[in-house]
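Single-structure report; data block below.
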Amino acid sequence: MGEGKRPKRRILILGDSITHGGEGDYTWRYRLWEWFQQHKIDADFVGPYTGVNRRDEPVPPQPPRLPGEYETPPKDRIPWGYNVNVSHHFDSSHFATWGYQAKQATSVIGDAVRQSNATMLLSLVGFNDLGWFVNDANGTMKSIETILQECRKANPTMEFVFGNVVQRSKMDGRQDLIDNTNLLNKLLKTAASDWNSTKSPVSYADVASLYECGPEYGERCPAAYDGLHPNALGEYQIAKAFSNALHTDFALGERPVEIPTWIPARDLRAPSHIVVEGAPMGLAVTWKHVFGAEYDYRRREKGQSKWSEHQIATNRADLADTNPGTGYEVQIRSRHGYENGSWSDSCSAIATRDTAPPPRNIKVFPANSSFSISWDPPAGHWNIERYEILWADQDVQGFPSNQGARGNATVVHGLTNGHRIQAGMRTWTRSSNGLYGGGEYAFARPLRLGVGSPQRPSHLEARRVDDRTIDLSWRGRGSNAGYLIYLRNVSEASDVATTDGQVVADTSKTVAVMFGNIWDFEISVSAINGEEESQRSAGLVPEKAERSCRRGD
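Quick note: the sequence shown, position 106, residue 106 per full-length UniProt numbering, numbers continuous.
This is the structure:
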């Protein structure tokens, strides 16, 4: 392509978290800027943002929002946040956002080019499209092509360097991500050549081949601090890939970025100023933030030897699963992905709890893409500010969702018919000093949405384990949310079938009795869907013989 006679380049860098960076990072943008300075390349980095991603602030536990309640606005951008050794002359303007997708960029990139008067685009997007199932390789390729087209509409002589998508460390069950990444990179390499023109040159940066990360490295990669995002080495490798393209195709610089043999280490000093104190939900632990670090904390009951270890992003940990009146020791250490520093000294305090018990008589009823839930308040006099409804869709991977509620009933909308939902509740109170406290959870029966009433189980079979135990199995419909097992003592004429209320998710269960023998009991099973319950199956009395027995319907 050649350098040609062009005015000072105005370079817009488009990217996601790999480009945006986090607190304490140098970023590959900085390493590329250093290269520009070393080789006296006349260019400005442009774009609406200047800093890395803002870290989460340490806050005490907060109750979930009520439906329609004002949502906290997104956290503001920060202007800096780079490693303390980054030059304050760094021309840090960019157009990168944590979690950004190529698809999202298609609708705004044209305006970004116009507003910044950009003359060159360096693009490194696509991972989130593939990683979060936004698009497959072909769909992501269309988004990248749209980015090119929108940029050319804004500036017909735009120059481009498209970086390909890096692989991440191996994730179980995500062969699709590996395959889609390989296919996208193959398509992008071919397309970059096809898109290239004298008027609007296009180059391809083979980032993936230089970036030492991928499934072949197992769980940890040399280039990534967490299996994806670049560490100090990875930042150099990405910068080198772009400098290769800029040097080869645009004649910039005497040579590409050179990766040094010594790579700076992250400052992971032991945290200080640790305070451990009783809180409404158990224990609150705070400490002085170590710039650029996240944290591990571990705790144990005083007098015990075994630690329980956890990770946290901010310099505050709230320990809710503690026993009131029990003393605990806590230690903190700084962490950055897989790297960590040394543990702090131990600090200790006695756990407290000043929260209301969970609500009583929680009942759930399935509906079309939703469920209703009702409850009674806990016994006693409590200053309950609101209730929390927690639910998990057990047919998809992901975290539970929640919402706030007041009164004694509410409805949860926007769910998927046919999916099994497990819901629970807890109370939220507010202490005199303004701190919120969430109580312990109580759970309702599971439910399956939009499938109608539960269907009666059939074909009970029992296989004797010993005189008090059997392995019980039965047939049930996939639309049932769970099952209840009933026992009736056949040696007592007045006895009626009862259940312990424990819901069985599958169509088998080991059943044992504490007193007497298992053949003294008639066993039956019902199906449930929330509060709805089917008729019980025909009863089965296990035989004393070693052979299995069966009762059909």
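We put the beta carbon where it would ideally sit given N, CA and C, even for glycine.
Given that a residue counts as buried once 16 or more other Cβ atoms are within 10 Å of its Cβ, and exposed if not, what is residue i?
{"i": "HIS310", "result": "exposed"}
{"i": "GLY261", "result": "With the sequence shown as reference, residue 261 is identified as Thr, and Gly is not the correct amino acid for it. Counting Cβ neighbours within 10 Å, THR261 comes out exposed, since fewer than 16 surround it."}
{"i": "TRP80", "result": "exposed"}
{"i": "GLY452", "result": "exposed"}
{"i": "ALA444", "result": "buried"}
{"i": "ARG255", "result": "exposed"}
{"i": "ASN102", "result": "According to the sequence displayed, residue 102 carries Ala and not Asn. With 16 or more other Cβ atoms within 10 Å, it is buried."}
{"i": "GLU150", "result": "buried"}
{"i": "GLY476", "result": "buried"}
{"i": "GLU216", "result": "exposed"}
{"i": "TYR70", "result": "exposed"}
{"i": "ARG114", "result": "exposed"}
{"i": "THR299", "result": "For the record, residue 299 in the displayed sequence is Arg; it is not Thr. ARG299 is buried by the Cβ-count criterion."}
{"i": "SER537", "result": "buried"}
{"i": "ARG220", "result": "exposed"}
Which value, in whole angstroms, describes the spacing of the CA atoms of residue i and residue j?
{"i": "residue 559", "j": "GLY110", "result": "Nothing about residue 559 can be read from this structure; the chain reaches only from 1 to 553."}
{"i": "LEU460", "j": "VAL525", "result": "8 Å"}
{"i": "PRO73", "j": "TYR100", "result": "18 Å"}
{"i": "VAL465", "j": "SER473", "result": "13 Å"}
{"i": "ASP296", "j": "THR146", "result": "43 Å"}
{"i": "ALA317", "j": "SER534", "result": "45 Å"}
{"i": "ILE528", "j": "ALA392", "result": "18 Å"}
{"i": "GLY4", "j": "HIS289", "result": "Since pLDDT at GLY4 reaches only 49, below the 50 mark, its modelled position is unreliable, and the value read off the structure follows with that caveat. So the two alpha carbons sit approximately 49 Å from each other."}
{"i": "GLY424", "j": "ALA118", "result": "52 Å"}
{"i": "ILE350", "j": "TRP33", "result": "52 Å"}
{"i": "GLY2", "j": "ILE41", "result": "Below a pLDDT of 50, predicted positions are generally treated as unreliable, and GLY2, at 49, falls in that range; the measurement from the model is reported next regardless. Approximately 14 Å, taken between the alpha carbons."}
{"i": "ASN128", "j": "TRP195", "result": "24 Å"}
{"i": "LEU540", "j": "ILE518", "result": "11 Å"}
{"i": "SER87", "j": "THR416", "result": "51 Å"}
{"i": "ALA284", "j": "PHE399", "result": "24 Å"}
{"i": "ALA462", "j": "GLY380", "result": "45 Å"}
{"i": "LEU187", "j": "MET141", "result": "7 Å"}
{"i": "THR97", "j": "SER17", "result": "6 Å"}
{"i": "residue 554", "j": "SER308", "result": "This structure leaves residue 554 out entirely; the chain is present only between 1 and 553."}
Thinking C-alpha only, which one of the options is nearest residue i?
{"i": "HIS229", "options": "TRP343, GLY214, SER200, VAL412", "result": "GLY214"}
{"i": "LEU447", "options": "GLU388, VAL513, GLY380, PRO366", "result": "PRO366"}
{"i": "GLY24", "options": "ARG54, TYR483, VAL412", "result": "ARG54"}
{"i": "MET158", "options": "ALA112, LYS75, PHE371", "result": "ALA112"}
{"i": "ARG406", "options": "TYR217, SER374, THR416, GLY434", "result": "SER374"}
{"i": "ARG360", "options": "ALA442, TRP343, GLU329", "result": "ALA442"}
{"i": "ILE362", "options": "TYR338, GLN422, ASN323", "result": "GLN422"}
{"i": "PRO67", "options": "LEU487, VAL503, GLN403", "result": "GLN403"}
{"i": "LYS189", "options": "ALA208, ILE13, ASP172", "result": "ALA208"}
{"i": "SER491", "options": "GLU522, ALA462, ASN480", "result": "GLU522"}
{"i": "residue 555", "options": "TRP35, ALA409, TYR30", "result": "Look at the range of the chain in this structure, 1 to 553, and you will see that residue 555 is not part of it."}
{"i": "THR314", "options": "GLU294, ALA320, LYS240", "result": "GLU294"}
{"i": "PRO7", "options": "ASP44, ILE13, HIS39, SER17", "result": "ASP44"}
{"i": "GLY253", "options": "LYS240, ILE263, PRO264", "result": "LYS240"}
{"i": "PRO60", "options": "GLY530, ASN433, ASP520", "result": "ASN433"}
{"i": "SER193", "options": "ASP249, CYS221, SER369, ASP520", "result": "ASP249"}
{"i": "SER348", "options": "GLU258, THR326, LEU187, ILE263", "result": "THR326"}
{"i": "GLN62", "options": "LEU435, THR510, PRO454", "result": "LEU435"}
{"i": "LEU148", "options": "GLY173, GLN167, ALA191, ASN180", "result": "ALA191"}
{"i": "PRO58", "options": "GLY516, ILE312, TRP382", "result": "ILE312"}
Would a C-beta distance cut-off of 9 Å place residue i and residue j closer than the cut-off?
{"i": "THR355", "j": "GLY278", "result": "no"}
{"i": "THR507", "j": "ILE485", "result": "no"}
{"i": "ASN185", "j": "VAL165", "result": "yes"}
{"i": "TYR82", "j": "PHE90", "result": "yes"}
{"i": "SER143", "j": "GLY126", "result": "yes"}
{"i": "GLY450", "j": "GLY482", "result": "no"}
{"i": "ARG420", "j": "GLU339", "result": "no"}
{"i": "THR427", "j": "PRO324", "result": "no"}
{"i": "VAL134", "j": "PHE242", "result": "no"}
{"i": "LEU210", "j": "ILE178", "result": "no"}
{"i": "VAL52", "j": "GLY15", "result": "no"}
{"i": "ARG353", "j": "GLY282", "result": "yes"}
{"i": "TRP28", "j": "GLY337", "result": "no"}
{"i": "SER169", "j": "GLY218", "result": "yes"}
{"i": "VAL46", "j": "ILE11", "result": "yes"}
{"i": "SER197", "j": "TRP287", "result": "no"}
{"i": "TYR236", "j": "ILE263", "result": "yes"}
{"i": "VAL503", "j": "LEU487", "result": "no"}
{"i": "GLN455", "j": "ASN480", "result": "yes"}
{"i": "SER370", "j": "VAL412", "result": "yes"}
Does residue i have its Cβ less than 9 Å from a Cβ in chain B?
{"i": "PHE45", "result": "Among the chains of the structure shown, chain B does not appear; only one protein chain is present."}
Hey, would you say the C-beta of residue i is under 8 Å away from at least one heavy atom of the ligand NAD?
{"i": "VAL125", "result": "For the structure depicted, the ligand NAD is absent and the ligand set is empty, with no information on it obtainable."}
Are at least three pairs of beta-carbons, each pair with one atom in the segment 193-208 and one in the segment 222-236, less than 8 Å apart? no
Quick check: the segment 326-340 against the segment 269-284, are at least 3 beta-carbon pairs closer than 8 Å? yes
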